[in-house]
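In UniProt numbering, the protein residues as written are 1 to 466. Glycine included, every Cβ here is placed at the ideal spot set by N, Cα and C.
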């Protein structure tokens, strides 16, 4: 092993488990330095004092800090649960059904009814203890947030990673399959924890990550934020600083959600009025500053679709990115002509993904036909509903023939993807278009008419063929 070049040793170290790699680093100084490069390349932390301290310790370490290329901030905050009744209501949900005492049947004996009453009292006492534990976790986190922890640990640590190129802020995870083990250890609760739905706190989190000590991180190549307040781009941080932070980005993935106070307006106003300030902000200028952009995702997540939140022109303007090969957009309005001209300005575009897009002028069948003719896409994915002034096209509709004859779920979105990328090989003179095909029908209608189909490999209990 001593004769192996560093490049080979690094490849070997990258395949080792954490503890095995830590042991290898104890052999000699050379292996300690090479192993360090593979040991800590990705740092993940969350809103707890010990996690902040761990980030800071790695940042101050002479060896480890040199090789970190990815920072992931699990920015989830525990929600304020005002009373035990609200907390108790969570256990009425279906996924907690097995934990609740089961209501006795109509023919249950008096003894079974008494047992149920005792179990119900016991269950309520357990809920009280769980609620007290949750309050304790919540109060500890609030104490950290009200301190100078962001400044003392995050802002002072971020400039210490010379190879840092990827920054991820996530505030939506609540499942153990998504959250890190350390997060779950810090917030050991008895169920999926209610997370704070107000995105107002994300502004401060992203500010300390992206602008530590007031200076933008300009070496980043990848920025992902799920989800964030749109007000981050409307004066919370000076526009020139945001543009400087975006200038070297090659991949941008942003998901927006209204702040709590603004979400109230969704019930009485249109979505575009609730998001009106975003169009006046500096998001378009920030995207324009990223001249080497290769992947762009702009999504909106407000727990449902409330209509187009803004026009595509407000977000993309007249920008052209020579290297942009993937574009993912949803919940916006546009016109057929602007949409096609915007796409044709991107010479490297090969992958286009749309969801809940609205044409205010033009028609989707014609727009997708022009896309097929004028673009060179290798992948096109449409989801939700594509809407124009004449019609709404739900992408989940199923091909009735494929459903009945082949027992296959082939959606309008699937067909449109094949059509736009010309996978069908349909001659230009043929007039077929999947969006004009009446054979695409809602699944419920097909199930009512033809019944649900079963897997051919499944053997029915009613099968008497043998």
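Considering only C-alpha positions, which residue in the set the options is nearest to residue i?
i	options	result
residue 8	156, 31, 135	31
residue 489	45, 56, 66	Residue 489 lies beyond the residue range present for the chain, which begins at 1 and ends at 466; the question has no answer from this structure.
residue 445	400, 433, 412, 434	400
residue 246	349, 215, 149	215
residue 249	263, 222, 241	222
residue 135	171, 336, 194, 213	194
residue 442	394, 418, 378	394
residue 146	201, 291, 240	201
residue 452	438, 406, 291, 439	406
residue 157	354, 62, 316	62
residue 167	130, 84, 73	73
residue 153	55, 349, 229, 89	55
residue 125	143, 22, 149, 87	87
residue 270	315, 331, 283, 285	331
residue 101	309, 123, 261	123
residue 161	219, 328, 139, 105	219
residue 81	64, 312, 131	131
residue 49	336, 143, 329	143
residue 336	106, 259, 359	359
Given residue i, which residues of its chain have a CB within under 6 Å of its CB, disregarding the five upstream and five downstream residues?
i	result
residue 288	319
residue 368	420
residue 464	Since pLDDT at residue 464 reaches only 39, below the 50 mark, its modelled position is unreliable, and no value is offered.
residue 450	404
residue 257	199, 227, 301, 302
residue 196	77, 79
residue 277	234
residue 295	251, 326
residue 70	42, 166
residue 281	233, 234
residue 59	65, 157, 160
residue 286	242, 243, 246
Among the residues of its own chain, which have a CB less than 7 Å from the CB of residue i, if the five just before and after it don't count?
i	result
residue 456	The pLDDT assigned to residue 456 is 46, lower than 50, so where the model puts this residue is not dependable; a value taken from the coordinates is nonetheless given after this. Excluding sequence neighbours, residue 456 sits near nothing in its chain.
residue 390	363
residue 411	395, 396, 397, 398
residue 462	For residue 462, the predicted model reports a pLDDT of 41, less than 50, meaning its position is unreliable and no value from the coordinates is stated.
residue 91	99, 100, 127
residue 304	none
residue 119	101
residue 112	104
residue 306	266, 271
Here's the rule: buried if 16 or more other CB atoms are within 10 angstroms of the residue's CB, otherwise exposed. What is residue i?
i	result
residue 268	exposed
residue 5	exposed
residue 459	Its pLDDT being 43, under 50, residue 459 is placed unreliably in this model, and the coordinates cannot settle the point.
residue 231	buried
residue 205	buried
residue 121	exposed
residue 466	For residue 466, the pLDDT reaches just 40, beneath the cut-off of 50, and the residue's location in the model is therefore unreliable, although a value from the coordinates is still provided. Counting Cβ neighbours within 10 Å, residue 466 comes out exposed, since fewer than 16 surround it.
residue 447	exposed
residue 94	exposed
residue 382	buried
residue 24	buried
residue 321	buried
residue 346	buried
residue 141	buried
residue 473	No answer is possible for residue 473: the residues shown for the chain start at 1 and end at 466.
residue 29	exposed
residue 75	buried
residue 37	buried
residue 20	exposed
residue 438	exposed
residue 40	buried
residue 149	buried
Could you give the C-beta distance for residue i and residue j, rounded to a whole number, given that I count them as a contact under 8 Å?
i	j	result
residue 293	residue 244	Residue 293 to residue 244, Cβ: 15 Å. No contact.
residue 155	residue 208	5 Å
residue 392	residue 416	Not really, about 14 Å apart at Cβ, beyond 8 Å.
residue 473	residue 357	Because the chain here runs from 1 to 466, residue 473 falls outside it and cannot be looked at.
residue 274	residue 266	6 Å
Sorted by chain position, which residues of the same chain lie with C-beta nearer than 8 Å to residue i's C-beta, five sequence neighbours on each side aside?
i	result
residue 159	212, 213, 215, 217
residue 402	408, 409, 410
residue 164	68, 69, 70, 71, 158, 217, 219, 220
residue 422	372
residue 377	349, 350, 351, 352, 371, 420, 421
Please find out if some non-hydrogen atom of the ligand MG comes closer than 8 Å to the beta-carbon of residue i.
i	result
residue 335	Ligands displayed in this structure: none; no statement on the ligand MG is therefore possible.
Any beta-carbon of chain B closer than 9 Å to the one on residue i?
i	result
residue 294	Any reference to chain B falls outside this structure, which holds one protein chain only.
If you scan the UniProt domain "F-box" (1-55) from start to end, which runs of the alpha helix (DSSP H) of 4 or more residues do you find wholly inside it?
6-14, 18-24, 29-39
Quick check for students: name the residue ranges of the alpha helix (DSSP H) that lie wholly in the stretch 280-307, counting only runs of 4 or more.
283-289
For the stretch 61-117, which segments carrying the alpha helix (DSSP H) assignment without a break, of at least 4 residues, lie completely within its bounds, in sequence order?
84-90
Please list the segments of the alpha helix (DSSP H) lying wholly inside the stretch 188-217, counting only runs of 4 or more residues, in order along the chain.
200-210
Please give the ranges of any beta strand (DSSP E) in the stretch 301-378, keeping only runs that are unbroken, at least 3 residues long and fully inside the region.
326-330, 332-335, 351-355, 358-361
Which ranges does the beta strand (DSSP E) cover as unbroken runs of at least 3 residues, wholly within the stretch 213-280, from first to last along the chain?
222-228, 251-256
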